[in-house]
Amino acid sequence: MKLALASTLTMTILLTGCSVPTAPKAVSPLDSLFTEPVGRSSATSVASGHNVSLGLVYSHNTQANRAYLQHYQANAGTGFGQSLLVQSIHDAYVATSKPDLAVDWVKASLQRQFGSVTVYPDLQSLRAAKPDVVAVVDTRSQLMTSRSSDIEADVRAIFYDSNFNYIGTAQGHDAKALSPLWADYKRSEEIVADINEQQNVQVRALQKFDQSLSNLLTSPADKVSMIDNQTGRKLY
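Using mature numbering (1 follows the signal peptide of the UniProt record, and there is no 0), the letters of the sequence shown map in sequence onto residues -22 to -1, 1 to 214.
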């Protein structure tokens, strides 16, 4: 039994230590999007409903996060150590690093609130389309590595009027700190349960986003400066 447990732990370390990438460093969600200061909208709330068109762009964080999750999932599925890893642990890594979970969830949530939701490749294309409301979707995940079992997920949609003046932000965040996967007392079932927390954290952050979005669309937007907590940069 001890030999089997040691083998499982060795397999896990091989995967996390040699294959799984670390999360990219977060930047301001407005980096590379706006080249000039953004003002505060005179609107007191975000317009929504079946007659309102919404244009979306994905921030640098969102694009980097998707690439990070693709890399994470690909290495968990085919990287070095795959042949040594027990199937249940391998499957848990793959299942909890879905690259499109956040963006698909956010888009579906927004489609329930607006008449049309269109994703544009860049701000120039969005400006030319002239939707009624604009949103920058900013997502970031931090999954397990060989050095850390801290998990975190952050998602937000930053809303602007048709003149690109800031209205308000809907956001959700969740995090959990776990004991190291390679702790000598853990069995494979416990390791799988810990890995599954990666998806639970992401889902809880998205559920909190949905609640924040509902609150934003039904309440007046606060007339205060919105600050990006990670960079200290104003969002308008």
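Note that CB positions come from ideal geometry on N, CA and C, so glycine has one too. Please read these numbers as outputs of a predicted model, since none were measured by experiment.
* Can you grab the Cα-Cα spacing for the pair residue 115 / residue 192, in whole Å? => As a working mapping, residue 115 is identified with position 137 in the sequence shown. As a working mapping, residue 192 is identified with position 214 in the sequence shown. One alpha carbon belongs to residue 115, the other to residue 192, and they sit about 16 Å apart.
* residue 141 burial status per 10 Å Cβ neighbour count (16 or more: buried) -> To locate residue 141, count along the sequence shown from 1; it is residue 163. In this structure residue 141 is exposed. Its beta-carbon is surrounded by fewer than 16 other beta-carbon atoms within 10 angstroms.
* Among residues of its own chain, excluding the 5 on either side of residue 157, which ones have a beta-carbon nearer than 7 Å to its beta-carbon? -> Taking the sequence shown and counting its residues from 1, the one referred to as residue 157 is at position 179. Excluding five sequence positions before and after residue 157, the CB atoms of its chain that fall closer than 7 Å to its own CB belong to 127, given in chain order.
* What does residue 96 pair with, by DSSP beta-bridge criteria? -> For the purposes of this step, residue 96 is identified with residue 118 of the sequence shown, where counting begins at 1. Under DSSP, residue 96 forms a beta bridge with 33.
* Start-end ranges of the beta strand (DSSP E) lying completely within the stretch 82 to 157, minimum 3 residues -> Listed in chain order, the beta strand (DSSP E) runs fully inside the stretch 82 to 157 are 92 to 97, 111 to 120, 128 to 139 and 144 to 155, counting runs of at least 3 residues.
* To do: Count the CB pairs spanning the stretch 97 to 108 and the stretch 69 to 76 that are closer than 8 Å, and state whether there are at least three.
  => Verdict: no, contact absent.
* Asked: What do you reckon, are the CB atoms on residue 131 and residue 180 nearer than 7 Å?
  -> Numbered from its first residue, the sequence shown carries residue 131 at position 153. Numbered from its first residue, the sequence shown carries residue 180 at position 202. Going by C-beta atoms, residue 131 is nearer than 7 Å to residue 180.
* To do: For residue 108, count neighbouring C-beta atoms within 10 Å of its own C-beta (all shown protein chains included) and say buried if the count is 16 or more, exposed if not.
  => If you number the sequence shown from 1, residue 108 lands on position 130. So residue 108 ends up on the exposed side.
* 6 Å CB neighbourhood of residue 104 in its chain, flanking five on each side removed -> Locating residue 104 in the sequence shown gives position 126, where the first residue counts as 1. Excluding sequence positions up to five before and after residue 104, its CB lies within less than 6 Å of the CB of 33, 35 and 98, all in the same chain and listed in chain order.
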